[in-house]
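Some notes on the structure that comes next.
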Amino acid sequence: KRFEEAPLSPSSSQRKLHPAMAAAVAGGEAAAKNAPEQLPLNFGKRLAHTDKVVRDKGFRTLKTWLKNHPELERLDYMKLWKGLHFGMWMADKRPVQQELAVNMALMINDIPKDKQIVWIDSFWETMEEAWEKLDTHRMSKYMLFARVVVAELFKVLREQGWEADRLRDTGRTFTRATAVSGISGPNVHSLGLLLHFTRLFWEELKPQLGERPKATPEAIMVLLEPFCILAERSYSDALVKSINKQMLVAAPAEFAEELLARVTVAVETEGVPKNNRQALRESATALGAPAPEQLEDEDDRSIRKRKAFGSFQPKDKKDKPKKKAKKIEAAAERGSGSNGSNSGAMSPLVLPKAAVPDDSCPPDKKVNGKKNRQGTPAKKAAAVKKKGAKASGGKDSGGLKKTKIAAGAAKKTDATKKKKASSRGLGLTLAMQLRDSVRPPAFGWDAAWAALGQPEPCKEGHNKKIQQHSG
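So for the sequence shown, this note's numbering puts the first residue at 1; every next one is plus one.
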């Protein structure tokens, strides 16, 4: 208080500024007087308040403020739409959300006529930035919000006489953030909002088409031109299919002729991706165009390439049976040839040399005209013992010892051979089962044994093996 009441010293009150400094201060004061008043855009806190009473009061204040300030620019509209977006975020219950969406959509009538497209462009950019951040609980009310705003926009366009410039700017507003080619990347930045717009386009536009003034087909084609460009050049299959199905094919009958001409031009344009061209062909057919010629398949293309290089040779498919039929005929021939014992018509089983029958076959049985020389283990041991006795003269103890050693070795060798034979028999059985499952029914056990040249008693032994190992 002492400092506030103290008078200024004469030196400070009578101090003079430099002429250049005095001129700068005077110029700044004059510029501040002539500058427009800085508008306090502080509606965000009230529009996003948790209390509905505060939000409604802030919304009414904003409507009045917009009417009194027609000089606002795009940046100011972006700030206002950010607050309105969070006002919808805080709105709960369906009736409250519907009322708020309608009131926000009607605010376009408070905007000057030459800035209404800027107002809608600011709204659409705000929605695109926030669309991917919405959760599943709030998605439905924002879809309703977008539908109501677009419906009011179409009404404003009709009341202004469907002006071509405004229609063109409106179409560019909805497609501006979507890339038309893969050069700048795929269709990123909230593609879901644009897909939602393609679904609601005709649903909200048709009510305005029945009112006066009537929209001409040329005016509607100006509005649809940016979407036709997307359907022609976009690399997003989902977006291309949605535009063709929801906007081109679903168009009213009075616009079908103009749309068909535009789609036909797009189909014949060079550089259109293959999937886009195919989708546009289908749309043209749905709009009344004759069905396109069937595209040549892969075989026709390969024949055409071989003709170009001079390596084409026509094939007569009737002269040559199919591979499957040839296999069946060969199998039938093998089966019929197996009825003879050694006719040679059927090729034997492809088995290793070790796959020979086991000891179940009698040793004295002749196989292929030769006597089976494989004796029993006892006979082999007796033969070895007899040889040892002859070598020792029947009296030498050393010879007897050698005979016993040879007999033991023979027993051991015989046991090993028997074990190997049993394993070979099991391998032979499994191999035959595998071949029987592959070959035609004519090839059975009889044919297998006939191919191997084995007698019938051996078959019974192997049947016993199968029963033993069936578990």
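Glycine included, C-beta positions come from ideal geometry on N, C-alpha and C.
According to DSSP, is N42 helix, strand or coil? The count along the sequence shown starts at 1 and reaches residue 42 at position 42. Correct three-state label for N42: coil.
Enumerated in chain order, which unbroken segments of the alpha helix (DSSP H) with a length of 4 residues or greater are wholly contained in the region 147–209? 164–175, 191–209
Secondary structure at L351, three-state DSSP: helix, strand or coil? The sequence position of residue 351 within the sequence shown is 351, counting from 1. At L351 the pLDDT is 46, less than 50, meaning the model places this residue with poor confidence and gives no usable figure here.
For W124 and Y77, the rounded distance between their alpha carbons: In the sequence shown, residue 77 corresponds to position 77, counting from 1. In the sequence shown, residue 124 corresponds to position 124, counting from 1. Taking the straight line from one Cα to the other gives about 11 Å.
Who are the near neighbours of M247 in its chain, counting only those whose CB is closer than 6 Å to its CB and skipping five residues on each side? If you number the sequence shown from 1, residue 247 lands on position 247. Here the set comprises T198, F201, F227.
Looking at the structure shown, is L287 part of a helix, part of a strand, or coil, going by DSSP? In the sequence shown, counting from the first residue as 1, residue 287 sits at position 287. Coil at L287, not helix or strand.
Starting from F59 and walking both ways along the alpha helix (DSSP H), at which residues does that stretch end? In the sequence shown, counting from the first residue as 1, residue 59 sits at position 59. Start and end: 52–68.
Could you check which residue in R212, E258, V180, L106 has the C-alpha nearest to that of E232? Counting from 1 along the sequence shown, the entry for residue 232 is found at position 232. Of the listed residues, the one whose Cα sits closest to E232 is V180.
Which of helix, strand or coil DSSP assigns to A256: Working through the sequence shown from its first residue, we reach residue 256 at position 256. Helix at A256.
Measure the beta-carbon distance from E211 to A151 and round it to whole angstroms, keeping in mind my assumption that it falls under 8 Å. Along the sequence shown, read from residue 1 onward, the residue named residue 211 stands at position 211. Along the sequence shown, read from residue 1 onward, the residue named residue 151 stands at position 151. Between A151 and E211 the Cβ distance is about 13 Å, and since that is not below 8 Å, they are no contact.
If the criterion is Cβ atoms closer than 9 Å, does the pair A101 and A164 meet it? In the sequence shown, counting from the first residue as 1, residue 101 sits at position 101. In the sequence shown, counting from the first residue as 1, residue 164 sits at position 164. No, the Cβ-Cβ distance between A101 and A164 is not below 9 Å.
Please tell me whether, using a cut-off of 8 Å, the distance from the CB of V249 to the nearest non-hydrogen atom of the ligand FMN is below it. You won't find the ligand FMN in this model; it holds no ligand whatsoever.
Would you call the CB atoms of V96 and K63 closer than 9 Å? Residue numbering aside, residue 96 sits at position 96 when the sequence shown is read from its first letter. Residue numbering aside, residue 63 sits at position 63 when the sequence shown is read from its first letter. Not closer than 9 Å, so no.
In terms of residues, what are the limits of the alpha helix (DSSP H) holding M127? Indexing the sequence shown from 1 puts residue 127 at position 127. Its alpha helix (DSSP H) spans residues 116–131.
Apply the 10 Å Cβ neighbour rule to G288 and answer buried if 16 or more other Cβ atoms are within range, or exposed otherwise. The residue labelled residue 288 in the question sits at position 288 within the sequence shown. G288 comes out exposed.
Suppose contacts are defined by Cβ-Cβ distances below 9 Å. Is N276 in contact with V240 by that definition? Residue numbering aside, residue 276 sits at position 276 when the sequence shown is read from its first letter. Residue numbering aside, residue 240 sits at position 240 when the sequence shown is read from its first letter. The answer is yes: Cβ separation under 9 Å.
Among the candidates R172, K155, L75, V148, whose CA atom is the shortest distance from the CA of Q208? As a first step, residue 208 is located in the sequence shown; it is residue number 208 there, counting from the start. The shortest Cα separation from Q208 among R172, K155, L75, V148 belongs to K155.
Taking just the CA atoms, how far does T126 sit from W81? In the sequence shown, counting from the first residue as 1, residue 81 sits at position 81. In the sequence shown, counting from the first residue as 1, residue 126 sits at position 126. Computed Cα separation, rounded: 7 Å.
L75 - containing alpha helix (DSSP H), residue span: Translated into positions along the sequence shown, residue 75 becomes position 75. Element bounds for L75: 74–90.
Expressed to the nearest angstrom, what Euclidean distance is found between the alpha-carbon atoms of D135 and L106? Stepping through the sequence shown from its first residue, residue 135 is reached at position 135. Stepping through the sequence shown from its first residue, residue 106 is reached at position 106. Each residue's alpha carbon lies about 26 Å from the other.
Inter-residue spacing [alpha-carbon to alpha-carbon] between M346 and E333: Taking the first residue of the sequence shown as 1, we reach residue 346 at position 346. Taking the first residue of the sequence shown as 1, we reach residue 333 at position 333. Because M346 carries a pLDDT of 43, less than 50, the predicted location of this residue cannot be relied on, and the following value inherits that uncertainty. Their backbone Cα atoms lie some 8 Å apart in a straight line.
Spatially closest choice to K93 from K115, T61, E282, L144, by CA coordinates: Sequence index remark: in the sequence shown, residue 93 carries index 93 (1-based). Selected option, being the one with the closest Cα: L144.
Taking a contact to mean a Cβ-Cβ separation below 9 Å, would you say L72 touches K113 in this structure? Taking the first residue of the sequence shown as 1, we reach residue 72 at position 72. Taking the first residue of the sequence shown as 1, we reach residue 113 at position 113. No, the Cβ-Cβ distance between L72 and K113 is not below 9 Å.
Determine the DSSP secondary structure at I328, reduced to helix, strand or coil. Taking the first residue of the sequence shown as 1, we reach residue 328 at position 328. Helix, per DSSP.
Which class does G230 belong to by DSSP, given the choice of helix, strand or coil? Indexing the sequence shown from 1 puts residue 230 at position 230. At residue 230 the sequence reads Leu, which differs from the Gly that was named. Here L230 sits in helix by DSSP.
Report the rounded CA-to-CA distance for R158 versus H85, giving the unit in angstroms. Here residue 158 refers to the residue found at position 158 of the sequence shown. Here residue 85 refers to the residue found at position 85 of the sequence shown. Cα to Cα, R158 sits roughly 26 Å from H85.
Can you look up D237 in the DSSP assignment and give me helix, strand or coil? As a working mapping, residue 237 is identified with position 237 in the sequence shown. Residue state, collapsed to three classes: helix.
My output table needs one value for P273: the three-state DSSP class, helix, strand or coil. If you number the sequence shown from 1, residue 273 lands on position 273. Correct three-state label for P273: coil.
I think T178 touches L194, with their Cβ atoms under 8 Å apart; what is that distance to the nearest whole Å? In the sequence shown, residue 178 corresponds to position 178, counting from 1. In the sequence shown, residue 194 corresponds to position 194, counting from 1. So it is a contact: roughly 6 Å between Cβ atoms.
Beta carbon of A251, beta carbon of V267: below 9 Å? Mapped onto the sequence shown, residue 251 falls at position 251. Mapped onto the sequence shown, residue 267 falls at position 267. Against a cut-off of 9 Å, the Cβ pair of V267 and A251 comes out as no contact.
Pull up the CB-CB distance for I229 and T170, whole angstroms please, since I reckon it's below 8 Å. Position 229 of the sequence shown, counted from the start, is the residue given in the question as residue 229. Position 170 of the sequence shown, counted from the start, is the residue given in the question as residue 170. I229 to T170, Cβ: 15 Å. No contact.
Straight-line gap, W65 to I243 (C-alpha atoms, nearest Å): Translated into positions along the sequence shown, residue 65 becomes position 65. Translated into positions along the sequence shown, residue 243 becomes position 243. Each residue's Cα considered, the two are about 39 Å apart.
Determine the closest residue to T50 out of S234, K327, G87, with distance taken between C-alpha atoms. Here the question's residue 50 lines up with position 50 in the sequence shown. Residue G87 is the option with its Cα nearest to T50.
Measure the CB-CB distance between A253 and H196 and report whether it falls below 9 Å. Here residue 253 refers to the residue found at position 253 when the sequence shown is read from its first residue. Here residue 196 refers to the residue found at position 196 when the sequence shown is read from its first residue. Contact: no.
Residue interval of the alpha helix (DSSP H) (run including Q97): One-based indexing of the sequence shown puts residue 97 at position 97. Per DSSP, Q97 belongs to the alpha helix (DSSP H) from 94–105.
Rounded to whole angstroms, what is the Cα-Cα separation between E99 and L224? Taking the sequence shown and counting its residues from 1, the one referred to as residue 99 is at position 99. Taking the sequence shown and counting its residues from 1, the one referred to as residue 224 is at position 224. E99 and L224: Cα-Cα distance of roughly 30 Å.
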